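Residue numbers (our numbering), protein chains in the order written: chain A, 1 to 559; chain B, 1001 to 1065. Here the structure is laid out as C-alpha cells; the discussion comes afterwards.
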C-alpha cells in the first residue's frame, strides 16, 4: 500500500493538533495533583469519552476486527455481555467509594480499605503490567505499519512514542485525557465509513448472512452462526469460539469484565478526574453509550471482510507465509481497498491515534501509581508537593522509555508476549473479588484480602497448568481439556475469582475486624451515598435504565 | 481551562476541508472496491461536525461573557 502526499498531510495535521493541546495545557500544571490527577476538574463529557478511549488501543481495534472475521458477531459479547454491565456496575455502585474516599489511585483505595501490603501487591503488578501492555501494543503497531506501509519499525515506534511523551510531559493527565477525546472522535471518523462501505459492498447484513452461511455449513456448523450472537451457545462445538453459555456469561461477562472495568486504574483514573461525585459516577455511564455501538465499527468490518472474500470481487483475506489466514491485517487491507487517497490517510491516522490513546493511558496511570503508591510510600514520604510534581514529570520519561524497552523485548522473544498476558491474567482475575468484598462487606480484613489475592493468582496458575486447550497449558498433567483457549481463559478467571472470594471470606472471619470508624467513606453501609438531583440525564440511575434497555434490544436483535 | 470544543472543532474543520477539496478537485481519486466519492461525503460530514463543535464553543463562551 502506498500513501499519497495528502495522506501524509493529514497525519501531520493530527500530530500538530495533538502536540498543540499539550502545549496549551502546559501552563496549568503547578501541583502534582494537576499533573497526575487533572486537579479533579475535567467536564463529564470529556472524562466519559476518555474512559472509553483509554481502553480503545490499536490492539483492540486490530484484534476486534480479527475476531470478527474469525468468530463473527459473537465477538460483540466482549461489549454487550462483557464491558457494558461492568461499566454500569462501576458507575452506579463502586464510584461512590472510589471518588468519595479521596483516594488518588486504585491501589491507594486498597491501602485505605485494607492495608499496605495489599496496596503494594496491586501497585507493583499494575505498574509492571501497564509498561508491558504499552510496550506490546507499540510492538504490534510498529509491525503492522512495517508490513502494510513498509515504514521502518524503529522509526514508527520511536516517533509515536516521542509524540506521546511530549504531550503527556507537557500537560500531564489533562493533556492525555483531552487528546484521548480527540483520538476517539478521529477513530470513529476514520473507521465508520469503512464499516458502511464494506457492508454495503457485501450486500448489507442480509447479503453477509447468505454469503457466510455456505461457508460455515461447509465447516460443519449452522449457516447462521457468524451472524447470531446467542443462538449457538448451547455447546462449545456449535460455535466458532468454542465456548458454552455458562463460561461466557460467568467467565467473560462477570469475572473478566468486572475485573477489568471495575478495578483497572487505567480506566478508573479517567472517572476520578471528573469535577464532582455526580460526574465521576456518570463518566462510565455516558461512556457506555458510544461503547455499545463500537462493535458496528470495529467488529462488523471483519465479518464483512469474510463475506467479501467469498464473493470474488477482488478482496481476499490476507495470508501468512505458511498459507494460514492473517486476520490481524483484515482492517488495513480493507482500508486499502475501500479508501481513496485522503480518506486512507484519515483511516490509518485513526489507527495511529488509537495506539497513542492506549499508550498515553498506560503512561499516565503508571505515573500516578509510581509517584503516589510506590515512590511516596517507600522512597520519600514527606517531601513538599513540588517534589512529587517533578517526580511525576520524570516518571513520564521513564515510563515511555520502559515501554520502548518492553517493545524491543517483545520483538526478540515472540513467546514472552503470550507468557506475560497469561501471567497478567492470573494476577488480574481474582482482583474483583477483593474489591467486591472490600466495598460491600465491612468485615473484610487486610490479611484476608492479601491471602485471597495470592490464593487466587496461584489457583489461576494451577488451573492453567492442569488443563489443556489448543495445545497450551497442561504442563503438570491434564485433568480437563477445553474446546478452545478462550474457554480455558474464561474458566481460569472463574476459578481465580471463586478461590479468592472464599479465602478472603474465611480469613476475614478468622482475623480481627477493623473498627468501623476507620472504614467510613470506604464501605457500603458506612458511607453517605450521594442523593442525585437534576433532570434525568444528570442522574446515574435513569441513564443506567436507558443503557440496559438499548443493551437488551441489541442482544435480542443479534441473538 | 481550555474548552476542548475549540481545538476539536478546528481539527475537524481543517480535516473536512482537506477531504472536501480532494472530493471536489480530484473526484477521480477512487478506491478499487468503491464507486462512491468517499472523500466528498466524509469530508462534508467532518466539516459539518467541526463547524457544529465551533458553534457550540462560541455559544458557551458568549454565555459565559
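Even for Gly, the Cβ is constructed at its ideal location relative to N, Cα and C. Just so we're clear, the structure is a prediction, and the values are computed from it rather than from any experiment.
message: Residues in the same chain with beta-carbon distance under 7 angstroms from residue 470(A), minus the five sequence neighbours each way, listed in chain order, please.
response: Closer than 7 angstroms at the Cβ level, and outside the excluded window around residue 470(A), lie 484, 485.
- prompt: Quick one: Cα of residue 282(A) to Cα of residue 1053(B), how far?
  reply: When the Cα atoms are used, residue 282(A) and residue 1053(B) turn out to be separated by approximately 22 angstroms.
field: Separation of residue 217(A) from residue 203(A), as counted between CA atoms
entry: Straight through space, the alpha carbons of residue 217(A) and residue 203(A) are spaced by roughly 20 angstroms.
- prompt: By how many angstroms is the C-alpha of residue 480(A) removed from the C-alpha of residue 298(A)?
  reply: Just so you know, the alpha carbons of residue 298(A) and residue 480(A) end up roughly 34 angstroms apart.
query: Nearest to residue 356(A) by CA position, among 508(A), 168(A), 535(A), is which residue?
result: If we check each option's Cα against that of residue 356(A), 168(A) comes out closest.
task: Report the rounded CA-to-CA distance for residue 379(A) versus residue 118(A), giving the unit in angstroms.
output: Taking the Cα positions, residue 379(A) is about 18 angstroms away from residue 118(A).
Cβ neighbours of residue 150(A) in the same chain (closer than 7 angstroms, five flanking residues each side left out): Once the five neighbours on either side are set aside, residue 150(A) has no close Cβ partner at all.
task: Following the continuous alpha helix (DSSP H) through residue 305(A), name the residue where it begins and the one where it ends.
output: Start and end: 300–309.
- prompt: Whose CA, out of 98(A), 26(A), 494(A), 64(A), lies closest to the CA of residue 278(A)?
  reply: Sorting 98(A), 26(A), 494(A), 64(A) by C-alpha distance to the C-alpha of residue 278(A) places 98(A) at the top.
Proximal residues of chain A, C-beta to C-beta of residue 1014(B) below 7 angstroms: Under the 7 angstroms cutoff, chain A gives 13.
query: How big is the Cα-Cα spacing for residue 1065(B) and residue 163(A)?
result: Answer to the nearest angstrom: the Cα atoms are 35 angstroms apart.
task: Please go through the segment 326–382 of chain A and give each complete alpha helix (DSSP H) segment of 4 or more residues, from N-terminal end onward.
output: If we require 4 residues or more, the alpha helix (DSSP H) runs fully inside the segment 326–382 of chain A come out as 330–338, 343–368.
query: Which bits of chain A does residue 1002(B) rub up against, with CB to CB less than 9 angstroms?
result: Residues of chain A passing the Cβ test: 21, 24, 25, 28, 174, 178.
- prompt: Can you give the Cα-Cα distance for residue 121(A) and residue 1047(B), rounded to whole angstroms?
  reply: The alpha-carbon of residue 121(A) is positioned some 49 angstroms away from that of residue 1047(B).
Closest residue to residue 269(A) among 317(A), 492(A), 353(A), 50(A) (Cα-Cα distance): Residue 50(A) is the option with its Cα nearest to residue 269(A).
message: For residue 112(A), tell me which candidate among 418(A), 496(A), 543(A), 445(A) has the shortest Cα-Cα distance.
response: Considering only alpha carbons, the answer is 445(A).
field: Contacts that residue 1031(B) makes with chain A (C-beta to C-beta distance below 7 angstroms)
entry: In chain order: 337, 338, 339, 340.
- request: Using three-state DSSP, classify residue 480(A) as helix, strand or coil.
  value: The answer is strand: DSSP assigns residue 480(A) an E or B state.
message: Please state whether the Cβ-Cβ distance between residue 266(A) and residue 362(A) is less than 8 angstroms.
response: Closer than 8 angstroms, so yes.
field: Contact between the segment 433–448 of chain A and the segment 512–527 of chain A (3+ Cβ pairs under 8 angstroms)
entry: Taking 8 angstroms as the limit for Cβ pairs, the verdict is that the segment 512–527 of chain A does touch the segment 433–448 of chain A.
query: How many Å lie between residue 92(A) and residue 319(A) at the Cα?
result: Approximately 45 angstroms between the Cα atoms of the pair.
query: Which class does residue 467(A) belong to by DSSP, given the choice of helix, strand or coil?
result: Here residue 467(A) sits in strand by DSSP.
field: Residue range of the unbroken alpha helix (DSSP H) whose run includes residue 1017(B)
entry: Here the alpha helix (DSSP H) through residue 1017(B) covers 1005–1025.
message: With distance defined between alpha-carbon atoms, name the residue in 201(A), 126(A), 494(A), 154(A) nearest to residue 369(A).
response: 126(A) is the residue among 201(A), 126(A), 494(A), 154(A) whose C-alpha sits nearest the C-alpha of residue 369(A).
query: For residue 271(A), which of helix, strand or coil comes out of DSSP?
result: Looking at residue 271(A) - three-state DSSP - the assignment turns out to be helix.
query: Can you check whether the CB of residue 1019(B) is closer than 8 angstroms to the CB of residue 338(A)?
result: Result no, Cβ atoms of residue 338(A) and residue 1019(B) do not sit closer than 8 angstroms.
- prompt: Quick one: Cα of residue 375(A) to Cα of residue 393(A), how far?
  reply: Residue 375(A) and residue 393(A): Cα-Cα distance of roughly 13 angstroms.
message: So that I know if they touch, is there some Cβ in chain B lying closer than 8 angstroms to that of residue 510(A)?
response: Judged by the 8 angstroms Cβ criterion, residue 510(A) is not in contact with chain B.
Three-state class that DSSP yields for residue 472(A) in the structure shown: Strand, per DSSP.
query: Roughly how far, in whole angstroms, is the beta-carbon of residue 3(A) from the beta-carbon of residue 389(A), given that I think they are within contact range, below 8 angstroms?
result: With a Cβ gap of about 40 angstroms, residue 3(A) and residue 389(A) do not count as contacting.
query: Within the 8 angstroms Cβ cut-off, does residue 279(A) reach chain B?
result: Cβ-Cβ to chain B under 8 angstroms: no for residue 279(A).
- prompt: What separation, rounded to the nearest whole angstrom, lies between the Cα atoms of residue 27(A) and residue 358(A)?
  reply: Each residue's CA atom was taken as its position, placing residue 27(A) and residue 358(A) some 24 angstroms apart.
query: What residue does the alpha helix (DSSP H) around residue 193(A) start on, and which one ends it?
result: Residue 193(A) -> alpha helix (DSSP H) spans 153–201.
query: Smallest Cα separation from residue 134(A): which of 541(A), 399(A), 75(A), 510(A)?
result: It is 399(A) whose Cα lies nearest to the Cα of residue 134(A).
- prompt: With DSSP run on the structure shown, which of helix, strand or coil describes residue 243(A)?
  reply: Coil at residue 243(A), not helix or strand.
field: Separation of residue 346(A) from residue 7(A), as counted between CA atoms
entry: Roughly 7 angstroms between the two C-alpha positions.
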